[in-house]
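Under numbering that gives the first Met the number 0, the first residue of the sequence shown carries the number 0, and numbering increases by one thereafter.
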Amino acid sequence: MNKKFLALISVLLLLTFVVTACGGASNEPKNEAPKTEEPKAEAPASEPIVIKLGHTVNEQDPYHYNALRFKELVEQRTNGQVKIEIFPNGVIGDERTLIEGMQVGTVDMGVITNGPIANFLPEIAVFEMPFLFASEAEAYKVLDGEVGQKLLNKLEQVNIKGLAFTERGFRNLTNSKRPVKTPADAKGLKIRVMENPVYIDTFKALGVNAVPMAWQEALTAFQSGAVEGQENPINVAFAFKLYESHKYLTFTRHSYAPASILMSKKLFDSLDKETQEIMVSVAKETAQMTRDWIADEMEKQLQVLRDNGMEIEENADIPAFQEAVKPVYEKYGSKFGSLIEEINKAK
């Protein structure tokens, strides 16, 4: 019995030795090549968003200046993820065509004069009312304040995103026929006006033969003599060398003309929130830059007009012009009454 027990103990001891030896070997570090992580595939860089911005004037005009500054700042602040392509000179359409394109999403953006916008949002034509503002400061206070923002927001009702009001400026009369100091002097002149009922009625009240037409058509009509004059800010007379067809300029300052930086609402809504905020903030910033640039350039531009033979009447009979256009307020008073009151309070 003792022999069997001793034999069993011997077998168990042997097995313990073998198992221990095998177990010890398994704890030794293995001589394997170190594992390397597979390189992660980099996500492809997203293609930049390309936005086409159109306007109807040339490269010397404030609209183009505004477009260039807008392009510069948007591309900078989006780190190149948004690219702005500028199309001047009406190459992608006149202002009405640009607005219609933005409504349906076939045009991305535009710098647009207020007059044509009023064909899509009639209330915004209140800014065309004659002698509504006495100075740029009054106009800016209204446009940049609650009244202006309310009207910009209303553009969304017609599928347009209004980013900011920018500058066109106080409008003045030019013509090829004679000096104009009073409304009587302007009577009978064939004057191009914007395709907007307030402008048409204003010049009819002055006894003028008002001819509504798109700007590109008007330039041809000036050269041929089919149309004898127009009304626009000094910067337009300079940019388009109107001294070549019009000898006389009168400081009527009959209307302050804002312009707007507009975008297709469809496009705006497709952008992420951060990009939307950049678009709005840059639009406002470059609008102010454009206002400052126009003010800085005014005297130099006037001198160029004088040097090229344009006769400038700086002391027109403004009270007589104001009296002559009273029927416009009678006609549109009920339409714009509350807005005009809001504007007068906000000045």
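From the three backbone atoms N, C-alpha and C, an ideal C-beta is built for every residue, glycine too.
Limits of the unbroken beta strand (DSSP E) element including residue i
| i | result |
| --- | --- |
| R191 | K189 to V192 |
| I91 | No beta strand (DSSP E) contains I91, which DSSP labels as neither H nor E. |
Contact check, residue i vs residue j, beta carbons under 9 Å
| i | j | result |
| --- | --- | --- |
| A258 | T112 | yes |
| G114 | A217 | no |
| G168 | N65 | no |
| E310 | K240 | no |
| A282 | V141 | no |
| L188 | K176 | yes |
Rounded distance between the beta-carbons of residue j and residue i, thought under 8 Å
| i | j | result |
| --- | --- | --- |
| E127 | N231 | The pair is not a contact, with the Cβ atoms about 13 Å apart (cut-off 8 Å). |
| D93 | Q215 | 6 Å |
| F267 | S244 | So it is not a contact: roughly 39 Å between Cβ atoms. |
| V197 | E341 | Going by Cβ atoms, the distance from V197 to E341 rounds to 17 Å, so no, they are not a contact pair. |
Nearest candidate by alpha-carbon position, reference residue i, set the options
| i | options | result |
| --- | --- | --- |
| S263 | I98, T55 and A282 | I98 |
| N158 | T201, P129, M212 and M101 | M101 |
| L172 | I342, E340 and E313 | E313 |
| I387 | G109, G89, G104 and D291 | No information on residue 387 is available, as it lies outside the stretch 0 to 346 that the chain covers here. |
| Q287 | V73, D143 and E341 | D143 |
| V90 | D306, A236, K51 and G104 | K51 |
| K149 | A136, V125, V207 and R177 | V125 |
| P47 | L205, L270, V56 and R305 | L270 |
| Y242 | L304, R177 and F130 | L304 |
Local conformation of residue i per DSSP, three classes
| i | result |
| --- | --- |
| H354 | Limits of the chain in this structure are 0 at one end and 346 at the other, which puts residue 354 out of reach. |
| M278 | helix |
| A32 | In this prediction, A32 has a pLDDT of 43, which is less than 50 and means its spatial position is unreliable; what the coordinates show is noted afterwards. If DSSP states are grouped into helix, strand and coil, A32 belongs with coil. |
| M297 | helix |
| F352 | Given a span of 0 to 346 for the chain in the structure shown, any question on residue 352 remains unanswerable. |
| Q215 | helix |
| Q355 | Only positions 0 to 346 of the chain appear in this structure, which leaves residue 355 out of reach. |
| E341 | helix |
| K346 | coil |
| M288 | helix |
Opening and closing residue of the alpha helix (DSSP H) in which residue i lies
| i | result |
| --- | --- |
| T371 | Given a span of 0 to 346 for the chain in the structure shown, any question on residue 371 remains unanswerable. |
| I233 | I233 to A238 |
| R68 | P61 to R76 |
| L142 | E135 to L142 |
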